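There are 2 protein chains.
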Amino acid sequence: MKLENILIVDPVDGEYTGSINIEDEEIVDIRRLECTPKAIVMPGFVDPHTHGQRGIDTMSAKPRDFEVWAELNFQQGVTSFLPTTVSSSFEALRKVLFNLQELPLSIVGVHLEGPFINPEKKGAQNPDFIYPFDERLESVLKNPVKLITAAPEIDGFKKLLELSESRKIKVSIGHSSATYKAMKTAFESGADRITHFPNALVPIHHRELGGMGSGLYLDFKLELIADGVHLAPEFVDLVYRIKGPDKIMLVTDSISAAGLEDGIYDLGGLDVEVRDGKCRLARDGSIAGSSLLFNNAVKNFKKFTGCNLMELSKVSSYNSIRELGIEKLGRIARGYFANLVVLDESLTVLKTFFKGIEVYKRF
Amino acid sequence: MKLENILIVDPVDGEYTGSINIEDEEIVDIRRLECTPKAIVMPGFVDPHTHGQRGIDTMSAKPRDFEVWAELNFQQGVTSFLPTTVSSSFEALRKVLFNLQELPLSIVGVHLEGPFINPEKKGAQNPDFIYPFDERLESVLKNPVKLITAAPEIDGFKKLLELSESRKIKVSIGHSSATYKAMKTAFESGADRITHFPNALVPIHHRELGGMGSGLYLDFKLELIADGVHLAPEFVDLVYRIKGPDKIMLVTDSISAAGLEDGIYDLGGLDVEVRDGKCRLARDGSIAGSSLLFNNAVKNFKKFTGCNLMELSKVSSYNSIRELGIEKLGRIARGYFANLVVLDESLTVLKTFFKGIEVYKRF
Numbered sequence: 001m002k003l004e005n006i007l008i009v010d011p012v013d014g015e016y017t018g019s020i021n022i023e024d025e026e027i028v029d030i031r032r033l034e035c036t037p038k039a040i041v042m043p044g045f046v047d048p049h050t051h052g053q054r055g056i057d058t059m060s061a062k063p064r065d066f067e068v069w070a071e072l073n074f075q076q077g078v079t080s081f082l083p084t085t086v087s088s089s090f091e092a093l094r095k096v097l098f099n100l101q102e103l104p105l106s107i108v109g110v111h112l113e114g115p116f117i118n119p120e121k122k123g124a125q126n127p128d129f130i131y132p133f134d135e136r137l138e139s140v141l142k143n144p145v146k147l148i149t150a151a152p153e154i155d156g157f158k159k160l161l162e163l164s165e166s167r168k169i170k171v172s173i174g175h176s177s178a179t180y181k182a183m184k185t186a187f188e189s190g191a192d193r194i195t196h197f198p199n200a201l202v203p204i205h206h207r208e209l210g211g212m213g214s215g216l217y218l219d220f221k222l223e224l225i226a227d228g229v230h231l232a233p234e235f236v237d238l239v240y241r242i243k244g245p246d247k248i249m250l251v252t253d254s255i256s257a258a259g260l261e262d263g264i265y266d267l268g269g270l271d272v273e274v275r276d277g278k279c280r281l282a283r284d285g286s287i288a289g290s291s292l293l294f295n296n297a298v299k300n301f302k303k304f305t306g307c308n309l310m311e312l313s314k315v316s317s318y319n320s321i322r323e324l325g326i327e328k329l330g331r332i333a334r335g336y337f338a339n340l341v342v343l344d345e346s347l348t349v350l351k352t353f354f355k356g357i358e359v360y361k362r363f
Numbered sequence: 001m002k003l004e005n006i007l008i009v010d011p012v013d014g015e016y017t018g019s020i021n022i023e024d025e026e027i028v029d030i031r032r033l034e035c036t037p038k039a040i041v042m043p044g045f046v047d048p049h050t051h052g053q054r055g056i057d058t059m060s061a062k063p064r065d066f067e068v069w070a071e072l073n074f075q076q077g078v079t080s081f082l083p084t085t086v087s088s089s090f091e092a093l094r095k096v097l098f099n100l101q102e103l104p105l106s107i108v109g110v111h112l113e114g115p116f117i118n119p120e121k122k123g124a125q126n127p128d129f130i131y132p133f134d135e136r137l138e139s140v141l142k143n144p145v146k147l148i149t150a151a152p153e154i155d156g157f158k159k160l161l162e163l164s165e166s167r168k169i170k171v172s173i174g175h176s177s178a179t180y181k182a183m184k185t186a187f188e189s190g191a192d193r194i195t196h197f198p199n200a201l202v203p204i205h206h207r208e209l210g211g212m213g214s215g216l217y218l219d220f221k222l223e224l225i226a227d228g229v230h231l232a233p234e235f236v237d238l239v240y241r242i243k244g245p246d247k248i249m250l251v252t253d254s255i256s257a258a259g260l261e262d263g264i265y266d267l268g269g270l271d272v273e274v275r276d277g278k279c280r281l282a283r284d285g286s287i288a289g290s291s292l293l294f295n296n297a298v299k300n301f302k303k304f305t306g307c308n309l310m311e312l313s314k315v316s317s318y319n320s321i322r323e324l325g326i327e328k329l330g331r332i333a334r335g336y337f338a339n340l341v342v343l344d345e346s347l348t349v350l351k352t353f354f355k356g357i358e359v360y361k362r363f
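Chains F and Z supply the protein sequences, listed in that same order.
Taken in order, the first sequence gives residues 1 to 363; the numbers are from full-length UniProt numbering.
Taken in order, the second sequence gives residues 1 to 363; the numbers are from full-length UniProt numbering.
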């Protein structure tokens, strides 16, 4: 199969016009050709942090639901994602892992958000299921977990980090009261990633950088929820200017309400009220995940920052893929899997290809 | 007179070795010559925000005290500075201006810090003397005032800005509760400078940039107190990385206790307790100015940021001079006044020249 007269956007080679030749699952050839492109083609999007969509929730999904979710995500151009848990009983977490022993389609692993976080910064996490880490709890640190959000100040964090590393699980700092000193120590120990920055972190103060300042100052990679609700557009732009395109990873942090109408939804046993697309805990009005869909995250980030398409391919795909250590994804280059998203000028998804197969077409 | 075998540091031409020829008040010739320099020569330092030093206080100083202060400042390499007032009665402010009708030596004007500020962000300013602006108060907006710190949200700010502009007085935003929107409006109206950033401003939040975020995000020029007390060293470095060397101006914000022993001092009628060099209001422990001397500000900034000497000459001299619109100062170039500071490798002041005359020598 061949995609012709397109603008190819690669995070390494940049933007150029030409054609892509796909055989079986892979890109076998790319030709550079002067032409007026009919569409933009980027590496398929990657969402490392998503709790659900259109009524599906990681915590309650059955194996078939995960397949449906993956199919829904193709509409968003997402060709790799990590269903994300919330702080829950170990039984509930193990059930999720059991249901995902066979990863369907574009699901590349599970992101455990908690339970090893700081209850002071619980956000929309259920405090009944937040724990320090000890080795007896290691049964959740196993395949298909690829990413875990934890707070460096909890008891047992060092052990958690060691175990995770040995099992090729990436640790992301989040829901944490860590000060600059603790953030620096964690960074130097290898926890070089921050979950939904700077939500549920200590704000920056000019005499104590806190989690927010540490994320900006040290060489952390940052998840950003570019919905215009969690973060002001100018904050997203400021972070972009400070960190540059190589240290940002777009995430939706979407909950089951995403793509549905306003109403009351469940998140880890807590009621979430969705009004005008904004998700808040009924309990106290805390922001509780988003109703953001990935294609909008991409459009928003471009709008908020004015970045170019090559940079956009980094924050929407390449950076997350590299960090998770996944081979043959995240680029448009010979030998890579043909996970591709075809977009119009306004960055609306027209088509999605997953391993060379057209899995979504807009009209 | 000739300075030979020196490392010349100019904010525009950079660093090079050679010699400087001085006749009368001016630099008449510069020669580039390969040599092993015996000292570093930079443009004389500029302190646009200083309330006092060694027992001298702007509010109580007599004309002769200002001369002594200028001489003391030569020891710090400071060849231009603005004695800075605090919020006070108009009578008291007018007295300061009267005493400085004839500007002695290196005093280039007066900085009025208040009284047109926001009492919510008074910091160490006396709330009894904080006012909104109306035209009846314009009698303080006159020579030798060169700079005024005001809050954009006070009544009459627009008028204050217009009047100041017509009188060539620079307006600096400070002691303000302004949100992003108000900061942006003020910036666009021409108030493009911030006093002792980000002290006495609204902290940054990811959904509302406040004064701190606005200072980082918009193209404001920022005063920084690099004493390691007002601002953590890593905060100074973060600001430097974000803003670059062209938007930062070092200030001491020093009070009369600077250069003296710990004890109780006065600032605008309020008691300030100085302990271990840290100045705090006896009333509530608020930070109340600094005991920083300019040469230490320069050393600290270099240490905190690792900037090069050319960049250091910008933040310690050139940026402030340019902004105040003063001619023939801030550079080491032909035709400029020979206001120079001679430093050793550790950036300790060895000699100071003011208009070609050696006004300080260390040993």
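Virtual Cβ for every residue (Gly too), placed ideally from N, Cα, C.
In this text, all values refer to a predicted model and were calculated from it rather than measured experimentally.
{"Asked": "Along the beta strand (DSSP E) that carries Asn-5 (chain Z), what are the first and last residues, could you check?", "Found": "2-10"}
{"Asked": "Where does Gly-211 (chain Z) fall in DSSP's three states?", "Found": "helix"}
{"Asked": "Would you call Gln-101 (chain F) buried or exposed, if buried means 16 or more other Cβ atoms sit within 10 Å of its Cβ?", "Found": "exposed"}
{"Asked": "If we call anything under 8 Å between Cβ atoms a contact, is His-111 (chain F) one with Gly-289 (chain F)?", "Found": "no"}
{"Asked": "Comparing alpha-carbon positions, which option in F:Ser-214, F:Leu-209, F:Tyr-217, F:Asp-246 lies nearest Leu-231 (chain Z)?", "Found": "F:Leu-209"}
{"Asked": "Along chain Z, which residues have their Cβ under 7 Å away from the Cβ of Leu-216 (chain F)?", "Found": "Leu-238"}
{"Asked": "Identify every residue that forms a DSSP beta bridge with Gln-53 (chain Z).", "Found": "Z:Ile-56"}
{"Asked": "Only counting the same chain, and skipping five residues up and downstream in sequence, which positions put a Cβ closer than 6 Å to that of Asp-237 (chain Z)?", "Found": "Phe-304, Thr-305"}
{"Asked": "Could you name the residues of chain Z that Pro-152 (chain F) contacts, counting a contact when the two beta carbons are closer than 8 Å?", "Found": "Chain Z residues near Pro-152 (chain F): none, gap ~17 Å exceeds 8 Å."}
{"Asked": "Applying a beta-carbon distance threshold of less than 9 Å, which residues of chain F neighbour Pro-203 (chain Z)?", "Found": "Pro-203, Ile-204, His-205, His-206"}
{"Asked": "Cα separation between Val-140 (chain F) and Phe-90 (chain F)?", "Found": "8 Å"}
{"Asked": "Looking only at its own chain, which residues have a Cβ that is under 6 Å from the Cβ of Leu-292 (chain F), when we skip the five neighbours before and after it?", "Found": "Asp-227, Thr-252, Ser-254"}
{"Asked": "Below 8 Å, how does it come out for the segment 198-206 of chain Z and the segment 166-180 of chain Z: are there three or more Cβ pairs, yes or no?", "Found": "yes"}
{"Asked": "Could you pull out every unbroken alpha helix (DSSP H) segment of at least 4 residues lying fully inside the segment 163-215 of chain Z, listed in chain order?", "Found": "180-188"}
{"Asked": "Using CA coordinates, which residue listed in Z:Glu-113, Z:Gly-259, Z:Asp-134, Z:Arg-362 is at the minimum distance from Pro-127 (chain Z)?", "Found": "Z:Glu-113"}
{"Asked": "If you measure from the beta carbon of Pro-245 (chain F) to each beta carbon in chain Z, is any gap under 8 Å?", "Found": "no"}
{"Asked": "Alpha carbon to alpha carbon, what distance is there between Asn-143 (chain Z) and Gly-156 (chain Z)?", "Found": "21 Å"}
{"Asked": "Hey, Ser-87 (chain F) and Pro-115 (chain F) are a contact pair by Cβ (cut 8 Å); roughly how many whole angstroms apart?", "Found": "4 Å"}
{"Asked": "Can you find a CB in chain F that lies within less than 8 Å of the CB of Leu-222 (chain Z)?", "Found": "no"}
{"Asked": "Quick one: is Asn-199 (chain Z) near chain F, going by C-beta distance under 8 Å?", "Found": "yes"}
{"Asked": "Does Thr-85 (chain F) pass the burial test, meaning 16 or more other C-beta atoms within 10 Å, or should it be called exposed?", "Found": "buried"}
{"Asked": "According to DSSP, simplified to helix, strand and coil, what is Tyr-131 (chain F)?", "Found": "coil"}
{"Asked": "Just to make sure I have the definition right: I need the residues of chain Z whose C-beta is within less than 7 Å of the C-beta of Ile-56 (chain F). Which are they?", "Found": "The contacting residues do not exist; Ile-56 (chain F) stays about 28 Å from chain Z at best."}
{"Asked": "Going by beta-carbon coordinates alone, are Val-171 (chain Z) and Ala-191 (chain Z) separated by less than 8 Å?", "Found": "yes"}
{"Asked": "Which complete beta strand (DSSP E) runs does the segment 295-347 of chain Z hold, if anything under 3 residues is left out?", "Found": "340-343"}
{"Asked": "Could you name the residues of the same chain whose beta carbon sits closer than 7 Å to that of Ala-92 (chain Z), not counting the 5 residues immediately before and after it, in chain order?", "Found": "Met-59"}
{"Asked": "Check the C-beta distance from Asp-65 (chain F) over to Asp-266 (chain F) and give it rounded, since I have them as a contact under 8 Å.", "Found": "Wrong, their Cβ atoms sit about 14 Å apart, outside the cutoff."}
{"Asked": "In angstroms with no decimal places, state the Cα-to-Cα distance between Ala-182 (chain Z) and Gly-211 (chain Z).", "Found": "9 Å"}
{"Asked": "Just to make sure I have the definition right: I need the residues of chain F whose C-beta is within less than 7 Å of the C-beta of Ala-232 (chain Z). Which are they?", "Found": "His-206, Arg-207, Glu-208, Leu-209"}
{"Asked": "If we define contact as Cβ-Cβ less than 8 Å, is Leu-242 (chain F) a contact residue for chain Z?", "Found": "A quick correction: the sequence has Ile, not Leu, at residue 242 (chain F). At least one chain Z Cβ lies under 8 Å of Ile-242 (chain F)."}
{"Asked": "Determine, using beta-carbon pairs with one atom in the segment 11-26 of chain F and one in the segment 323-340 of chain F, whether at least three such pairs fall under 8 Å.", "Found": "yes"}
{"Asked": "Using only the alpha-carbon positions, how far apart do Tyr-16 (chain Z) and Ile-326 (chain Z) sit?", "Found": "25 Å"}
{"Asked": "Please list the terminal residues of the continuous beta strand (DSSP E) segment that includes Phe-116 (chain Z).", "Found": "From DSSP, Phe-116 (chain Z) is part of no beta strand (DSSP E); its letter is neither H nor E."}
{"Asked": "Could you tell me the distance, in whole angstroms, from the CA atom of Asn-5 (chain F) to the CA atom of Lys-351 (chain F)?", "Found": "15 Å"}
{"Asked": "Which one of F:Ser-286, F:Arg-283, F:Gly-285, F:Ser-316 has the shortest CA to CA distance from Lys-299 (chain F)?", "Found": "F:Ser-316"}
{"Asked": "Using DSSP with H/G/I as helix, E/B as strand and the rest coil, what is Asp-227 (chain Z)?", "Found": "coil"}
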